[in-house]
Amino acid sequence: MSNPKFRFVGILALFITLFVLVQCAPAPTATPAPVAPTTAPAAPKPAATAAPPAPTRGGTITMAVWQEPSLLNPALGSQTVLGEVDIFVVEGLTDTDDKGNSFTRLAAEVPTTQNGGVSPDGKTVTYKLRQGVKFHDGSPFTCEDVQFTFTAVSSTTNGSVGASRYKDVDSVTCPDPFTAVVKFKNFYAPYATLFGYIFPKNSGKTEDMKNWAYNRKPVGTGPFKVDEFVTGDHVTLLRNENYWQTGKPYLDKVIIRIVPSSEVAKQLIKNGEADVMWNNSEADIPEVEKMTGVKLSSAARSGGERLILNLVKPGDPADNKTPHPILGDLRVRQAIAYGVDKKTIIDKLLNGKALPGSSDLNVDPYNCTDIKAFPYDAAKAKQLLDDAGWKPGADGIRVKDGNRLKLKYQTTTGNKLREDSQVLIVENMKAIGVEFFIENQPSALLLGTWDNASPRKRGSYDIVMYTTTPDIDPHNFMVTYFGSTSIPSPDNQGGINYSRWNDSETDKLIAQAGGIPDWPARKDLYCKAAARVVEGASHIYLYQRLKLDSYRDRLQGWVPNGWNNDGWNAENWWLKTTTP
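Oh and the sequence shown: position 198 is 198 in our numbering, straight run, nothing missing.
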């Protein structure tokens, strides 16, 4: 498979010209009718092509997801499946389309220097807000909701997972109900990536966000509203009759059906019991392509599947000041990286249709092609372990100071691809004298919140495996996943630097990249930071996945988007009726 390439227009232009963003209206405009020829053609006119059918209103679709969100507040969780539900319900000021362009949702326009929305020094950004928008509870959307959201998400004491993203924001003020002025402490290049969701100001006290009713039943401005969330079974979404896009959405209802595994979800889409299956794997491609009435949606995306290694002493909570007794040694981490046979995983489990993992920055426009991942080299892995003092024991598993080189290896339950990958990786590790033992957990627990004792949050793990992907602008991802200020702790429960990577040089490179407008220079700095993470083997990148989903052909309006969640344009989805 060739290396994925993205068209990157709106966001890249922002950095080349300081802040010039492509402005895209969220509702599609009609295509102009073709101009008639001035003279009639000599040959008879061919029969006119039938116009595409107009969208019809009504109907219910079912979307099968094989992970369960632990909650539905985007500020408190970072599960991918949480975003897949919230995208139907919650809107931000701006968003990203399938071409990588920024477009407006609750903002009336994208602020730029050209339209006066961004000050010459780049430290003041003024959003003109869309008027006449109501939250699902009927309350009007105004600047005060933006201001309230900032207070909630910037807190470091209420569990917000995005607090570090807002540390450069000095204030949000409201000169009038439909103008929000965001002042930054310093020039902040990725300003347009903030405020991806807006809370109504009546959600509750910001310091008590963990206890909001919103967390189970979010109140947004999106095309659908939450009717019920039944744990372990489904989330029902109903049409928002007061949606600000007139006449939309077309569907009456969306049922998010929570199933125990990807195999069950695949059977549901095959049998017609589901209209959408979220998150297929490359291993599914041959089977899905043979399904009658089912289409496979594909888009390239950044990041990928990886092993995340805990660099500190595990515990509940972890001791962030003491190195992990085994993984604290760089030689051991690098030995694990050399010991994983990625090509066999890709060939055996992914039909050869994935690329070997290299780093998180592996897609244009921030494709760090100079970063080379660890090749498979079992001999090199063994030598590193020898150098680190780990010698083979009687059964082949290495021992040092009377302790076996034994590590807990976890991923999410219900994912056959991951479970099959574990089998191969366990064998890879055994071959170099490392014992991986498997202890998988449901996504809602393993990848959940601090309050539900998520191992990756609390640090009570050795190695976890899953996929994560940066945003179209990598800054916020780099800050939150690798910045030292984002390490989870009792005092920073929203932190998502799960490996506990703590490197002052990485911090410095990321901070410099976010403070300059020149995109090539920013990219160079991000690549240098990513290279340090790769060399430090806190994340071991396995393979770069496509964004794959399947849907039944009765569902119309579906547009793949590698930068966003499946329902990013759900207001345009509709059902094709069958002609008798």
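C-beta: ideal position from N, C-alpha, C; glycine also.
Note that the structure is predicted; figures quoted are calculated from it, not measured.
Near Thr151, which residues of its chain fall below 6 Å by C-beta distance, leaving aside the five closest residues on each side in sequence?
The count along the sequence shown starts at 1 and reaches residue 151 at position 151. In the same chain as Thr151, and ignoring 5 residues on each side of it, the C-beta atoms closer than 6 Å to its own belong to Thr206, in chain order.
Could you name each continuous alpha helix (DSSP H) segment of 4 residues or more that falls completely within the region 442–530, going from the start of the chain to the end?
443–446, 455–458, 475–482, 504–514
Given Asp377, which residues of its chain have a CB within under 7 Å of its CB, disregarding the five upstream and five downstream residues?
The residue you call residue 377 lines up with position 377 of the sequence shown. Cβ neighbours of Asp377 beyond the five flanking positions: Tyr338.
Drop a sphere of 10 angstroms on the beta-carbon of Lys290, count the other beta-carbons inside from all chains shown, and report buried for 16 or more, exposed for fewer.
By one-based count along the sequence shown, residue 290 stands at place 290. Lys290 comes out exposed.
Please indicate yes or no: does the CB of Pro52 lie closer than 7 Å to some heavy atom of the ligand COA?
Among the components of this structure there are no ligands whatsoever, and the ligand COA is therefore not found.
Would Lys342 pass as a contact of His324 if the rule is Cβ separation under 8 Å?
On the sequence shown, position 342 is the one that residue 342 refers to. On the sequence shown, position 324 is the one that residue 324 refers to. No. Outside cutoff.
Could you tell me how far apart the beta carbons of Leu330 and Ala529 are, in whole angstroms, since I believe they sit closer than 8 Å?
In the sequence shown, residue 330 corresponds to position 330, counting from 1. In the sequence shown, residue 529 corresponds to position 529, counting from 1. About 17 Å separates the two Cβ atoms, so there is no contact after all.
Helix, strand or coil: how does DSSP classify Asn280 here?
Translated into positions along the sequence shown, residue 280 becomes position 280. In the three-state reduction of the DSSP assignment, Asn280 falls in the strand class, which pools E and B.
According to DSSP, is Pro286 part of a helix, a strand, or is it coil?
In the sequence shown, the residue the question calls residue 286 occupies position 286. Helix, per DSSP.
So who's on the other strand from Ala300, going by DSSP bridges?
As a first step, residue 300 is located in the sequence shown; it is residue number 300 there, counting from the start. Beta-bridge analysis with DSSP links Ala300 to Leu546.
Compare the beta carbon distance of Asn492 and Thr112 with 8 Å and say whether it is the shorter of the two.
Along the sequence shown, read from residue 1 onward, the residue named residue 492 stands at position 492. Along the sequence shown, read from residue 1 onward, the residue named residue 112 stands at position 112. Result no, Cβ atoms of Asn492 and Thr112 do not sit closer than 8 Å.
Status (buried if at least 16 other CB within 10 Å, exposed otherwise) for Val65
Working through the sequence shown from its first residue, we reach residue 65 at position 65. Val65 should be labelled buried.
Given that a residue counts as buried once 16 or more other Cβ atoms are within 10 Å of its Cβ, and exposed if not, what is Gly610?
The question about residue 610 has no answer here: the residues shown for the chain are numbered 1 through 580.
C-beta contact flag for Asp319 and Ser460 at 8 Å:
For the purposes of this step, residue 319 is identified with residue 319 of the sequence shown, where counting begins at 1. For the purposes of this step, residue 460 is identified with residue 460 of the sequence shown, where counting begins at 1. Not a contact, by the Cβ cut-off of 8 Å.
Just grab the DSSP bridge partners of His324 for me.
Translated into positions along the sequence shown, residue 324 becomes position 324. DSSP output for His324 lists no bridge partner at all.
Considering only residues of the region 55–88, which uninterrupted beta strand (DSSP E) runs meet the minimum length of 3 residues and lie entirely inside it, listed in chain order?
60–65
Three or more C-beta pairs under 8 Å: does that hold for the region 409–416 against the region 104–124?
They do not touch, by the three-pair rule.
Use the C-beta contact count for Asn561: other C-beta atoms within 10 angstroms, 16 or more gives buried, fewer gives exposed.
Residue numbering aside, residue 561 sits at position 561 when the sequence shown is read from its first letter. Result: buried.
Counting only the same chain and skipping the five closest in sequence on each side, list residues whose C-beta sits under 6 Å from that of Val276.
Counting from one through the sequence shown, the residue named residue 276 turns up at place 276. Cβ within range, chain order: Met63, Tyr551.
In the DSSP assignment, the beta strand (DSSP E) including Leu129 goes from what residue to what residue?
Start at 1 with the first residue of the sequence shown, and residue 129 comes out as number 129. Taken as a continuous stretch (DSSP letters only), Leu129 belongs to no beta strand (DSSP E), as it is neither H nor E.
Take every Cβ of the region 390–402, pair it with every Cβ of the region 352–371, and state whether three or more of those distances are shorter than 8 Å.
no
Give the secondary structure of Pro28 by DSSP, where H, G and I count as helix, E and B as strand, and everything else as coil.
For the purposes of this step, residue 28 is taken as the residue at position 28 of the sequence shown. Confidence in Pro28 is poor, its pLDDT being 36 and thus under 50, which makes the residue's placement unreliable; the coordinate value appears in the next sentence. Three-state DSSP puts Pro28 in coil, outside helix and strand.
Enumerate in chain order the residues of its own chain whose CB-to-CB distance from Gly514 is below 7 Å, with the five nearest sequence positions on each side excluded.
Here the question's residue 514 lines up with position 514 in the sequence shown. Cβ neighbours of Gly514 beyond the five flanking positions: Tyr188, Ala189, Pro190, His475.
How would you call Gly567, buried or exposed, if buried means at least 16 neighbouring beta carbons within 10 angstroms?
Your numbering for residue 567 matches position 567 in the sequence shown. Counting Cβ neighbours within 10 Å, Gly567 comes out buried, since at least 16 surround it.
Can you tell me the Cα-Cα spacing of Lys185 and Glu435, whole angstroms?
Walking along the sequence shown from the start, residue 185 turns up at place 185. Walking along the sequence shown from the start, residue 435 turns up at place 435. Approximately 48 Å, taken between the alpha carbons.
May I ask you to report which of helix, strand or coil DSSP gives Lys99?
Counting from 1 along the sequence shown, the entry for residue 99 is found at position 99. Residue state, collapsed to three classes: coil.
So the alpha helix (DSSP H) Arg418 belongs to, where does it begin and stop?
Your numbering for residue 418 matches position 418 in the sequence shown. For Arg418, the enclosing alpha helix (DSSP H) covers residues 416–432.
Within 10 angstroms of its Cβ, does Ala54 collect 16 or more other Cβ (buried), or is it exposed?
By 1-based counting over the sequence shown, the position of residue 54 is 54. So Ala54 ends up on the exposed side.
Mapping the DSSP letters down to three states, classify Ala33 as helix, strand or coil.
The residue labelled residue 33 in the question sits at position 33 within the sequence shown. Legend: pLDDT at Ala33 = 32, less than 50; position of this residue unreliable, value from coordinates given subsequently. Of the three classes helix, strand and coil, the one that applies to Ala33 here is coil, per DSSP.
List, from N- to C-terminal side, the beta strand (DSSP E) runs of 3 residues or more that fit wholly inside the region 171–229.
179–184
Short Cβ contact (8 Å threshold) for Val479 with Ser164:
The residue given as residue 479 occupies position 479 in the sequence shown. The residue given as residue 164 occupies position 164 in the sequence shown. Yes. Within cutoff.
Got a sec? Which residues, its chain only, sit under 7 Å from Arg522 by beta carbon, not counting five neighbours each side?
On the sequence shown, position 522 is the one that residue 522 refers to. Excluding residues within five positions, the ones whose Cβ falls inside 7 Å are Phe15, Ala189, Ala513, Ile516.
Of the residues Ser297, Ala75, Cys174, the one placed nearest Asn211, counting alpha carbons only:
Looking up residue 211 in the sequence shown gives position 211. The residue with the shortest Cα to Cα distance from Asn211 is Ala75.
Candidates Val161, Lys134, Ser489, Lys372: closest to Gly77 by CA position
As a working mapping, residue 77 is identified with position 77 in the sequence shown. When only C-alpha atoms are compared, the closest one is Val161.
Span of the alpha helix (DSSP H) around Tyr338:
Within the sequence shown, residue 338 is the residue found at index 338, counting from 1. Start and end: 330–339.
Straight-line Cα distance separating Asn565 from Thr469:
As a working mapping, residue 469 is identified with position 469 in the sequence shown. As a working mapping, residue 565 is identified with position 565 in the sequence shown. Between Thr469 and Asn565, the C-alpha separation is close to 11 Å.
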